[in-house]
Every structure is written in structure tokens, then in C-alpha cells.
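Using full-length UniProt numbering, the letters of the sequence shown correspond one by one to residues 1 to 461. To start, the structure under review is shown below, and the notes come after it.
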Amino acid sequence: MASISANTKARVGEAKEGEAEDEPPQVHAGSLDDESGEEGDDVERAVFSEEEEEEEVRCAAEYKALCAQHGTARCSKWLRACAAESTQCSLGHYGLGTHGAAPLALSLKWNERVQHLDLSDNGLGADGVCSVLDALTQGGAPELRSLSLRRNQAGVEGAEGAAALLCARPAHPLERLDLTANAIGDRGASAVARGLARNASLLSLILGDNEIDAEGAEQLASALKVNSRLAELSLEWNNIRAEGGRAVAEALQGQRSLHTLNLGWNGLMDEGVAAVAAALRPAKGSEGESPCALSDLRLHQNRMTAQGSGALACVIKHLDSLDVSGNPLGSEGASALLLALQSAQSPCKLVANDVCVRPETKIHTLLCRAGRREAIELHSLQAAGVESMAAASLVAGVEAINLAQKKPSKKNATGKAPSLLKENSSGLGSQRKLTKEESANWRRTDRCPEGVERKPSQMRL
């Protein structure tokens, strides 16, 4: 056994020696120092990595120190986001409170990675919201693009902080700001409007449920006239009424950046809706091109009737999406929109839920198809009797737009808002025949006299 073992060891040694002879010579990185400098590059990369790690640790370490300094509990999710250099962090409903907001806001100075930050419903209050906005105004979180501060009781002070951020020089690159449900009121809306007028980076501004009346809407409308960057504006669930709607509509004319406008739940009624429709109506000699870039219009829950839907039917071909849900349009108003959709070259997505149309009717089926952006055939409209039902609504809509373009006074002698159309028992305007003079004028100007019935085939939508 000993001799076998010795022979085996000898053969193994010879094999290893042969393998060593066949192996190519090893080249070490250090041997190329003078020729290519690869070792020097490795050292630089190592130093750079150490610096990045040091910055990352510092952001988290600063937040820990700030929490200890303010005597508040650390938010573990924000701490992990800082340490991991996360680009987005959602802290909605975390209960940070005013005291918890201070160290988080101060830590933004060292966070150069976060791009999307959600602080909604945290009870920050005016002080907490202002501390976050002040940190951004002073250059914190330079990569932040989207910030949500909804439901934080910011009030007018918070709106002033937002205005300061929007006016900051050098400008912060923030693109989306959500201040929903912060009770900023007209004073806060005016402050935000001042910032919006001077800002050139914001793309989306959400101001829903903020107790904004017509006065605040007018200030925001003035800012829209000079802002050439904003693409989305939401004033949903406020109280701007017809007066505020007219102000916003006036600002839309010539506005080439705003694509999405949400005016749902604002009590615009037919007057306000007609004003918005008038802003979309092409001017004479413009070859049918809309004077503004608006493509997504949301007018749900605005107490709009068949008259308002008739006005929208005249301009629906310029829209890509229209929401009229929750308005008492009835079959007449719904028919006007469906008829206009059928004649449009590119069908608009029509969202029309709960518009006082019975579910078992053909009109309801067609509305469902329109909500899915399906093309609707003419024979389907004829089978549902759309043409005859749409007539009165379209007449009322054209007249409403014509009156809106004349900019009627806010109040008449009786102190009430002027009626856009004389109502009869059906609520869609009294009908009479044209005189010869009116008929000639109508063909020349395309303006239908008040109370005259006009067939859908004669309408220029």
C-alpha cells in the first residue's frame, strides 16, 4: 500500500507540474501602471464610491440627528428611503404631524435623489406644510418633480408658502403640486395665482376641494393668461359658479399649453358650461381650428341641463375626452352629444353616467358605447330616435354660446343672473318659425334667432 501511495503521489505531482507549464503567464493590474493607468482608474472609482456612500449615509444620519434634536420619533420609511436613495416615497396617512414634519423637511437639504414625495393626510398643519415648502424654496430635494400635500390643513399660510416656492429664483424644477382639501380659500388661491404667473416649470396644479369661489377663480384665470407651461389644472369640488366659469373660459382663449381642465362639482350650470364651450368654438376664418389646446374637459356634477349639453355638442369634435356625469341632461341632451360624436372625425371619449337616461333605453346603450370610445353608426342613432330628440337641445346650445360670446352682464335689473333662453314647458326654449329677414341673416351668420327651431341637419357643429 505504501508503494502504491508513493507512485500515486509522484504521478499527481507530475500532472500538476505539467498543468503549470501549460498555463499562460498571469498578468497583474499593477504591471500595467505606467502603460494604461488602469490601476489609477480603479483607485478613482473606489474613492468616488466611498464619497457616494458617505453622502447617502449623511442624509439618513442627518435625519436621525434632527429627530433627536426635535424630540420626535423617526419615520422608518423615510429613513429607509434616504439610506437607499429611493426616487419615490409615499408617506400618506403616516400621522407625521407638525412636529414630525420639521426634521423631515430639514433633511430634504441632503436628499438629492427623491423625485416623487407623497405627504398627504398627515396633519402637518400650516407650519408643517410651510416647513416642507420652505426647504424646497431654499434648494432642498433638487430632483423632486411631484409633491402631494393634500388634506393637511395648510390654509392661507400654506398657500403663501406654495407661492414662494413657485416664485423661487433659481426656480425649483417641481412639475406637479397637489394641494387638494387644504381650505386655502380665495386668499390662498390668489397667492397661488401670483406664483403661477411667474412660474415656468409646473405642469400640473391640483386645487380641488379648497373653498375657492368666483373671486379666487378669477385670480387663477388671470395667471393662466400669462403662464405658458401649465398642462393640467383641477378646480374640482369648489364653488366658482357660472361667474368663475366665465373667467376661466376667457383665459382659455389663446391658451396653447393647458390640455386638461377639471371643473367638476362647481355649480357652473348652463351659463358657465356655455362660456367654456364658447372658448372652444373656432373663430370665423380660423378654418375650424379651436382657439385653445384643451383636449380633456371634466364637467361632471354641475347642474347642467340639455341646454348646456347642446352647447358642448357644438365643440365636442375638438375634444379627446369629455365627462358630463351626474348632470340632468335627459334623453334630449344626451342625444345632442351622441349626434355630434357621430359626425366627428376622431370620436371623443364621452363619460356620461347618471345623466337621467333610463338604463333600458337605446340611448343608454349608445352612451355606454361612447364611454368606450366606440364609433357609433348613423343607423344606430336613427333607430334610437336621436335626431328628433336632439333638435331642441342643439338650438338651445347654439343660442347659449352666442350669448356667452357677447359677455352678458353679471346681473340684470332684477338682480338675478340673466337667463340664456326663454323657457317653455319643456325647459328647452319656445319654438317659432323664421321670418324672411331672420332666415337670410341666419344663413349669412350661422346664428339662430332666439326661440327658433332648427333641424339637426342644418346645424354646423
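Where is the CB? At the ideal position from N, CA and C, for every residue including glycine.
The three-state reading of DSSP puts H364 in helix, counting H, G and I together. Your pair R369 and K349 does not check out as a contact, with CB atoms roughly 11 Å apart and the cut at 8 Å.
Residue burial annotation: H93 is exposed, with fewer than 16 other C-beta atoms found within 10 angstroms of its C-beta.
Taking all protein chains shown into account, G125 has 16 or more neighbouring C-beta atoms within 10 Å of its C-beta and is therefore buried. The C-alpha of G161 is placed about 24 Å away from the C-alpha of T87.
In this structure, S295 is the residue among S295, L263, V273 with its C-alpha nearest to the C-alpha of S257. A Cβ-Cβ contact shorter than 9 Å links S290 with V315.
In terms of CA proximity to V324, M304 leads the group M304, G123, L338.
With a beta-carbon spacing of about 4 Å, L166 and N199 fall inside the 8 Å limit used to define contacts. In terms of Cβ geometry, D178 and Q219 do not form a close pair [threshold 9 Å]. Here A275 is buried. Its C-beta has 16 or more other C-beta atoms within 10 Å.
DSSP places E112 outside both helix and strand once states are collapsed to three, so it counts as coil. Sequence-distant partners of G288 (beyond 5 residues in either direction) whose C-beta falls short of 8 Å from its own C-beta, in its chain, are P282. Under the 10 Å beta carbon count, D354 is surrounded by fewer than 16 other beta carbons and is classified as exposed. For the pair R298 and E211, the Cα-to-Cα distance works out to about 19 Å. In this structure P103 is buried. Its beta-carbon is surrounded by 16 or more other beta-carbon atoms within 10 angstroms. When the Cα atoms are used, G140 and C130 turn out to be separated by approximately 13 Å.
Taking 9 Å as the cut-off, the beta carbon of A189 is found closer than this to the beta carbon of E215.
DSSP, read as helix, strand or coil, puts V324 in coil. Shown here for A191: same chain residues with a beta carbon closer than 6 Å to its own, the five before and five after excluded, namely A159, E160, A163 in chain order.
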